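One structure is given below, encoded as structure tokens.
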Amino acid sequence: MCSAAVMEAGGLPVELWRLVLAYLPLAELGRCCQVCRAWRELVLSLDNTRWRQLCLGRPECRHPNWPGQPHLEPPSWREALKQHALATRTWAQNGPEHQSTACLLLFRRRKDRRVWHVGAGLELETLRGALGVAAPYDRLLLHPGVYEEQAEVALKVPVELVGLGGLGQVALMVCMEQQCPTARLCNLVFMPPWFSTVVYKASWGHVQLDNCNFEGAQLQVRGPGTCQARFCSFSKGSSVHLLSVALSLLDSCDFSGSDAASVTVEGSPVSEKNWACKYMAALARTFSPCGSNNSSPHRANSTGGSCSDATVKKEHTSMKDRQRGNGLEAADQGTVIEDGWSDGEDDGSREGGITQKLFSLDYKIPCDNHGLSHLLKPCAHDSLPLASSPNPPRVTPELLTLQQELERDPDAQMFVSSTLGCLVQRCLFREGKGGVHISNYGQARLEANIFRCLNYAVRCIQNSVLVMLRNEVCECRASGVFLRLSAQGLIAENDIHSNGEAGLDIRKGANPIVVCNRIHSGLRSGVVVLGNGKGSLRSNRIYNNGEAGVYILFSGNPVVRGNHIFQGQAAGIAVNENGRGIITENVIKDNQWGGVDIRRGGDPILRHNFICHGNSDGIVVGERGRGLIEGNHVYCNKGCGVWVMSSSLPQLLGNYITHNCMYGLAVFCRKDPDNIKAREGNWPGHDGIGGDDGGDRRGVVEEDGREEQENLHEEGEMFAWESDLDSEDERHSARRSISVALVESNCMSFNGAVGLYVKTSEPLNVYANLVNRNRGAGVAVLQSSQLTRLVANCIVANVRGGVTVERDSRAELRCNGIYENNDHGVDFAGIGQMVENDVVGNCGYGIQVSGSGDVKLLRNRVQPALGCGIAILGPVKAVVTDNQLFQGHPESKKSLLHWDPGNESCVLRNNSISRHNSSCTSVPPWILENPPPRPPASSPSGLSSSQYPSRLGISMTTRISATVESGCHSGSMFCSIL
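Take a look at the structure:
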């Protein structure tokens, strides 16, 4: 309003003033800005008209967003012109010499410099002749034509070479060596002469290149020389080779058609710096700071945008819908684990007329204060703990921003602030072999560039340092970014997508910090870490990749923390072939195969992750898989929560395995003759889950995996990984060696089938787990020829029975609490013993023993709802001693202790039976004391450490374990990686 009032007071409206000012040159516009504030505002309002014309009309300038997105307007044309002007003057900013006479001469020469015209028919016809007569800081205007020299040309004084006319009208076929402090070349085309592909060499001065084209030529700069190239094109195999440079700047350049790396940075930056370093560092700092949303013109679909958030927050189907999709319907349709396993015979297991609720309120012995009761009781504000909540977790951790990551990591801050070596910003690398190659302690900073349709985008090797911020890397034929041989650096806020191999490939001791990137839509894995590669992967979005989101193998050992890994076509994270790593606090969801797949020597630490909504199993531990799996939330997966196979040795501690559509935890083994039908169970709508061809398909995938592992090389080059691998002794010396798998203190609740399903020929020990409200039995042991030990578990309120042990299986139950299940508390048809268990409130029999095995029942406390307390059926060789049996509902007519009188091998001794008297009231007449209800809060007093595997070397109150040493089951829906 102020400017409008002043202009109109002068007699002309603002629109006419703008029309008049639009004809003024740059210098006059500057003077108008100094008249008054109103004039300044008026001149600044010409941004989209006069300032735009001035910016695009300068021969050394192109569109500010060239070459990446020239169709996008800059925020301010005036500011873009200002940055252009500052950058073009860098070459002439070198200060005076130490001697005063040289200083005076320098300034006199720069003030009075001449302009020379060079070309055919002019006073100076050749480039060599013009350079011979030019004084320091003179300008040579080259008229259109081709200038060719048959020998190398030396630049001995600072000069400015400018081509007249449009770009491409002045071509130089020369090899020039700079022997002066500074030089500038503008609007020229460089082509190699017949004797050399190097067209320009600088070894100690500074060269500035504006709006030049290089065609099949090489620009070579050696430290302490420096280079600043802006708006240049490098085509037809052209490249930039920087050797030990302290600082060089490539800004807004176009690289295409390279037959090797477009930019090579080699050697550690020299300590000696020339005069131009401080000016280029200042220019680099004017580039938008790290973390700015508008810092890169190439980030229309970059990190942190609404597109990504919409993908992450995609609605998931409800548990009920997922169950229907897998053939799972309501519990009253029956849960069938195997043919003939549904206990369909009418043996009093489900008598009607009196509900479970009525029994539990009026007659059941109180057992709510057992050792795991804290996992079932409401918390503050009447909220249910995770183990007993009918709803899965609704909140998962959010990703940290780059600024938050930098505040937590001093090393990352150091990399962000570094400006040594080569600075490449706003460049386009396309349709060639390589982008940027950094080697032999070189340093490079890549910011807001586009790498497209190359063999690889960036390769960093041999102790070099890479800082890579807000770039787009896409459609590379091999991996996008390679790091090798102890390379390090920071890779942050990049968009890495649609590459033929891994988006990011880390090997041979490389140890980068990878934060806040989007790594997606690759044909193979998102990130591969192998061959002793390390690295820290944090707060990245890794999604929609053709293979594993993160693939760790061949002794790769990264830290993978706080990432969102989702919508992958295979596993979320795969740890294979002796891979290791710390995998913690990630959200791994909606992947096609297993959320996490561990096999063939993989030995990671998997802790505090959210593994959910997968289309197959949550965690798969395959053949020879190892690792510590602790404190994870595994829920709402269409397959099993955790699938353990073959000779694997995982440690499963304190995980929440809930609301999965199939088993909570399943243990299988290839020695099982029916391994192809391992997921039998004729669920409604399924002809045996996994299908008859599941094993064959699994075998094909694993065979393909062994073949495709040979493709984990770069550009046809095979690596001998054996030389990179630690010896087996070295690998296990750093971590406690175990020979058994640990299953301890987990919560397996609200799963669509059996909570813990065991079908293996190897021993298994399970300790202090809560198995709660699963749609099948709590625990099912089938075809287990070795001993399965269940110690101090709480198995409560499952839709079918508490524990089922099939024929020819061996099992030991000790100090468990088995409460309120809808079928038998324990249905035992195998071989083994049940010692000091509390079996209370189950709708079927308390303990049913059948078959022809050898069974011991010692010191158990049993109260059924309606059926028998202990029933011995068939020719069982049973010893039933010192058990306490309590009557359930008074109207129950079943015998508390039933056996076949014709069974002479059954021994009954010292069992006590307690019944209600005629004056029974609603107050429970009995309580469980000395000891209180099981499981105990600590290690059972009757179990000494000698009864546990002593080789674990830790307190036996916290470790019970299992050995699974044979081949793996092949019918799972898990991910078999590559």
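For what it's worth, our numbering labels the leading residue of the sequence shown as 161, then goes sequentially. Don't be surprised by glycine CBs; every beta carbon is placed ideally from N, CA and C. Bear in mind the structure is a predicted one, so any value in this text is a computation, not a measurement.
Contact annotation: Phe415 and Phe394 have beta-carbon atoms nearer than 8 Å. In the three-state reduction of the DSSP assignment, Gln573 falls in the helix class. Contact annotation, Pro764 with Ile712: C-beta distance approximately 7 Å; criterion of less than 8 Å satisfied. The beta-carbon distance between Ala343 and Gly365, rounded to whole angstroms, is 7 Å. This is short enough to meet the 8 Å contact definition. In this chain, Ala957 is not harboured by any beta strand (DSSP E), its DSSP state being neither H nor E. Taken atom to atom, the span from the alpha-carbon of Pro1024 to that of Ala1038 is near 20 Å. Membership of Ala442 in the alpha helix (DSSP H) is indicated by the continuous run 437-446. Within the same chain, and ignoring the five residues on either side of Thr286 in sequence, no residue has its Cβ closer than 6 Å to its Cβ. In this structure, the alpha-carbon of Arg382 lies about 17 Å from that of Ala421. The beta-carbon distance between Gly912 and Met805, rounded to whole angstroms, is 20 Å. This is too long to meet the 8 Å contact definition. The residues Leu583, Val627, in chain order, have a CB closer than 6 Å to that of Arg605 in the same chain once the five nearest residues on each side in sequence are set aside. Across the structure, Thr948 and Pro923 are spaced so that their CA atoms are roughly 5 Å apart.
The DSSP assignment places complete beta strand (DSSP E) segments of no fewer than 3 residues inside the region 794-834 at 802-805, 809-813, 816-818, 825-828, in order along the chain.
The DSSP-derived three-state label of Cys620 is strand.
Going by C-alpha positions, Gln573 is about 17 Å away from Ala647. Under DSSP, Met908 shares a beta bridge with Ile817, Val931.
Close CB contacts of Pro227 within its chain, under the 6 Å cut and outside five residues either way in sequence, are with Asp414, Leu588 (chain order).
In the structure shown, Arg1075 falls within a coil segment according to DSSP collapsed to helix, strand and coil. Going by DSSP, Glu337 is part of the beta strand (DSSP E) stretching over 336-338. 8 Å or more divides the Cβ of Arg178 from the Cβ of Trp211.
For Leu379, the enclosing beta strand (DSSP E) starts and ends at 378-382. Rounded to whole angstroms, the Cβ separation of Glu707 and Ser681 is 12 Å, and the two are not in contact under 8 Å. In terms of CA proximity to Val914, Asn932 leads the group Asn932, Leu690, Ser418. Secondary structure remark: continuous beta strand (DSSP E) runs of at least 3 residues inside the region 737-768, in chain order: 742-744, 747-749, 756-758, 765-767. In the DSSP annotation of this structure, Gln229 is not part of any beta strand (DSSP E), being labelled neither H nor E. In terms of Cβ geometry, Val555 and Leu566 do not form a close pair [threshold 8 Å].
Counted as a single uninterrupted DSSP element, the stretch harbouring Gly990 is not any beta strand (DSSP E), since DSSP gives it neither H nor E.
Your pair Pro526 and Ile1087 checks out as a contact, with CB atoms roughly 6 Å apart and the cut at 8 Å. The straight-line gap separating the alpha-carbon atoms of Thr1041 and Asn529 is approximately 26 Å.
As summarised for the region 994-1069, the continuous beta strand (DSSP E) elements at least 3 residues long and confined to that stretch are 998-1002, 1007-1009, 1014-1018, 1021-1024, 1030-1032, 1037-1041, 1044-1046, 1057-1059, 1067-1069, given in chain order. Distances from the CA of Leu202 to each of Gly217, Leu409, Cys215, Ala182 were compared; the closest alpha carbon is that of Ala182. For Ala314, the CB contacts under 7 Å within the same chain, skipping 5 residues up- and downstream, are Glu337, Gln339 in chain order. Just so you know, the alpha carbons of Gln622 and Gly602 end up roughly 8 Å apart. One alpha carbon belongs to Asn371, the other to Thr744, and they sit about 49 Å apart.
The beta carbon of Val941 lies closer than 6 Å to those of Val918, Thr948, Val965, Ser969, Ala971 in the same chain, with the five residues before and after it left out. In the three-state reduction of the DSSP assignment, Lys593 falls in the strand class.
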